[in-house]
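Here our numbering is used: the first residue of the sequence shown is 1, the next is one more, and so on.
From the three backbone atoms N, C-alpha and C, an ideal C-beta is built for every residue, glycine too.
Every value quoted in this text rests on a predicted model; they were computed, and no experiment measured them.
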Amino acid sequence: MNIPALQPLDDMTVRHRIAQQLTTHIVAGNFQPGQKLTEQDLANSLKVSRGPLREAIRELAEIGLLVSVPYKGLYVRSVTRRDLEELYSLRTALESFAFERCWSHRTPDSLAELTLRNETLIRTIDAGSDTDLAISQELHLHAWCYELSDHRLLQRSWESMRPNLNLYFSLHQRAHDRCGPLRQSHDDYVRLAHGDSLEAMLEHLKDHMRQGLQTTLTTLGDNLSL
């Protein structure tokens with residue numbers, strides 16, 4: 001049997017795969033908010049060495065999915081009202097700036113892409129069988145303005161915020177026991193993004209985010225940490 005030349009996995013590749021798997025489990029709720037984790041248990045479960053595992057843990061701690069407390073241990077982040085308020089206020093500011101940046105860059109092709117993303121999300125919602133896919137597609141829809149902004153630092157800020165949004169979207173949908181957002185929830189967003197008024201788009205964006213925050217706070221209710 002001829003075996004093609006294979007490249008060994010370096011620590012960075014292993015670290016990335018560990019970080020991806022841990023992120024998936026945190027977002028899916030397989031680890032509970034505030035749950036204590038140990039390096040030994042994680043290393044045994046993942047069958048990896050401590051070096052790349054520690055790098056992956058550090059990466060997830062930097063984006064806020066894990067919390068490392070000196071002399072106490074490693075914990076899955078808890079969800080607090082303040083966390084939600086800060087995340088949504090930052091997201092509103094960043095997405096507003098993204099639309100200000102991308103407004104003059106819109107083309108028929110880019111607007112068609114936004115419409116396609118919304119239609120794809122709606123089909124997944126209607127199918128009602130894959131919450132993780134619906135959340136991923138909702139984030140993909142909102143990524144559109146960042147991608148079109150031609151602003152690398154803004155795009156990196158969005159990417160660093162994305163795992164936390166994924167976590168909160170997942171908590172919200174599980175609390176409602178549904179697959180993704182309401183099917184019509186982005187219709188006005190997409191319509192205004194096609195329109196002529198940046199001011200109307202920004203005003204809708206603020207309302208869209210404000211309603212999202214209030215709905216999430218109400219839905220999670222007693223499940224929020226202090």
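Check	Outcome
Rounded Cβ spacing between residue 37 and residue 76 (contact assumed at less than 8 Å)	7 Å
Residues near residue 35 in its chain [Cβ-Cβ closer than 8 Å; skip 5 each side]	75, 76
As assigned by DSSP and simplified to three states, the class of residue 73	strand
CB contact check: residue 66 to chain E, cutoff 9 Å	You won't find chain E in this structure, because it holds only one protein chain.
Buried versus exposed, by CB contacts within 10 Å (16 or more), residue 212	buried
Host alpha helix (DSSP H) of residue 125 (start-end)	108 to 127
Segment contact, 8 Å Cβ cut-off, at least three pairs: the segment 15 to 24 with the segment 55 to 69	yes
Pick from 31, 195, 188 that is closest to residue 209, judged by C-alpha positions	188
Nearest neighbour of residue 205, chosen from 122, 217, 192, 135 [CA to CA]	192
Residue 95, buried or exposed, once every other Cβ within 10 Å from all chains shown has been counted against 16	buried
Completely contained beta strand (DSSP E) runs for the segment 23 to 80, where each covers 3 or more residues	66 to 69, 73 to 76
Cβ-based burial, residue 164 [other Cβ within 10 Å; buried from 16]	buried
Segments assigned alpha helix (DSSP H), at least 4 residues, entirely inside the segment 192 to 225	198 to 220
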